[in-house]
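Trainee: Note that the sequence shown covers residues 13 to 239 in the numbering used here.
Built from N, CA and C at the ideal position, the CB exists for glycine as well.
Just so it is clear, the structure is predicted and the values come from calculations on it, not from any experiment.
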Amino acid sequence: MLKDGITIIINYTLNHVTILEENEMSEEKRFYRKSLSSHGLIYIADEELEITVKNLSITGLLAELDANKIITEVDELFHALEPSATIDLYLPEMRVAGEADVVRAEKVDGLIYFALEFRNLSYDVSNLLYKRKAYRKSLTAPGEIILNNKTYVFLTHNVSVDGLMIHLKEKVDIKEGMLTTFDFQQLDLKGEIEVMWVEHEDDGSTLMGLRYVFMAQEHIKGVPRFL
13 MLKDGITIII NYTLNHVTIL EENEMSEEKR FYRKSLSSHG LIYIADEELE
63 ITVKNLSITG LLAELDANKI ITEVDELFHA LEPSATIDLY LPEMRVAGEA
113 DVVRAEKVDG LIYFALEFRN LSYDVSNLLY KRKAYRKSLT APGEIILNNK
163 TYVFLTHNVS VDGLMIHLKE KVDIKEGMLT TFDFQQLDLK GEIEVMWVEH
213 EDDGSTLMGL RYVFMAQEHI KGVPRFL
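Structure, rendered in structure tokens:
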């Protein structure tokens with residue numbers, strides 16, 4: 013329910029995405045659909061694959077998977093989604109990036125179409141990606157970092173192929189530019205990092221931006237670059 017009895021219902025078809033606004037007071041019905049042809053990227057099967065967006069609504073989109081050598085059949089798509097139906101999405105022309113769930117997929121005339129339902133999106137990301145040099149994936153998971161010769165447990169806020177943003181429940185006084193080591197089992201990452209910035213929160217906790225300096229592995233599985 014949005015306001016004044018307005019309900020939005022999303023109907024996905026291979027020809028359009030329809031938004032139905034139903035006014036319960038007047039029983040009048042008005043249909044709206046936004047058809048377009050815009051390009052983007054999804055991250056699936058540990059690969060960045062190109063897509064063409066066919067239709068868009070406020071809650072999701074319908075897209076065509078562009079020709080590639082990784083996924084050529086719907087069964088291959090569903091197999092790649094077995095760990096999770098949530099994928100990373102980047103739409104540069106719309107300046108949108110984030111996560112979405114694959115809710116339906118089928119093959120028509122040799123082309124794979126799939127519907128996505130938005131989960132966690134960031135807007136106006138073009139400038140941010142340019143400044144950061146990489147897409148930041150929202151991810152909350154524990155890890156360990158050594159600061160001032162003491163081991164602290166942290167929770168990540170987001171992860172990229174260049175570094176981490178972490179949260180520590182304690183107040184930790186540390187200088188920017190310091191080199192130290194960390195261990196993040198969620199993505200099987202460990203090695204040497206540089207403290208890029210530090211912020212102390214009102215509740216006594218600490219936010220910290222970290223950049224990878226040396227790691228045991230070069231490729232970070234599960235995190236796209238989107239550049």
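#1: Over the uninterrupted alpha helix (DSSP H) stretch that includes D87, give me the two end residues.
#2: Okay, do the segment 56-63 and the segment 192-199 touch, 3+ Cβ pairs below 8 Å being the bar?
#3: Look at the alpha carbon of D200 and the alpha carbon of I186, and state the distance between them as a whole number of angstroms.
#4: Helix or strand or just coil, what does DSSP make of L151?
#5: Distance check for V171 and D125, CA to CA, integer angstroms please.
#6: Could you tell me which of K149, H179 and M190 sits nearest to N161, measuring between CA atoms?
#7: Look at the Cβ atom of V210, then the Cβ atom of E188, and state whether they are nearer than 8 Å.
#8: How long is the line joining the alpha carbons of T218 and V115, rounded to whole angstroms?
#9: Would you kindly work out how many angstroms separate the C-alpha atoms of S96 and L89, rounded to a whole number?
#10: Looking only at DSSP bridge pairs, what is R107 linked to?
#11: Which same chain residues end up closer than 7 Å to I82 when comparing Cβ atoms and leaving out the 5 residues on each side of it in sequence?
#12: Please name the residue, chosen from E85, R107, A79 and A112, that lies closest to T98 on a Cα-to-Cα basis.
#13: Can you tell me where the beta strand (DSSP E) holding G203 begins and where it ends?
#14: Pop quiz: L101 and A109 are said to be a contact at Cβ under 8 Å. What is the actual Cβ separation, rounded to whole angstroms?
#15: Check for me: the beta strand (DSSP E) holding A127 runs from which residue to which?
Mentor: Straight from the coordinates:
#1: V86 to A92
#2: As far as the Cβ criterion goes, the segment 56-63 does not touch the segment 192-199, which means the pair count is below three.
#3: Distance from the CA of D200 to the CA of I186, rounded to the nearest whole angstrom, comes to 25 Å.
#4: coil
#5: What sits at residue 125 in the sequence shown is Tyr, not Asp. Cα to Cα, Y125 sits roughly 29 Å from V171.
#6: M190
#7: yes
#8: 38 Å
#9: 11 Å
#10: Beta-bridge analysis with DSSP links R107 to no other residue.
#11: A57, E59 and L61
#12: A112
#13: L201 to H212
#14: Correct: roughly 7 Å between the Cβ atoms.
#15: L123 to Y135
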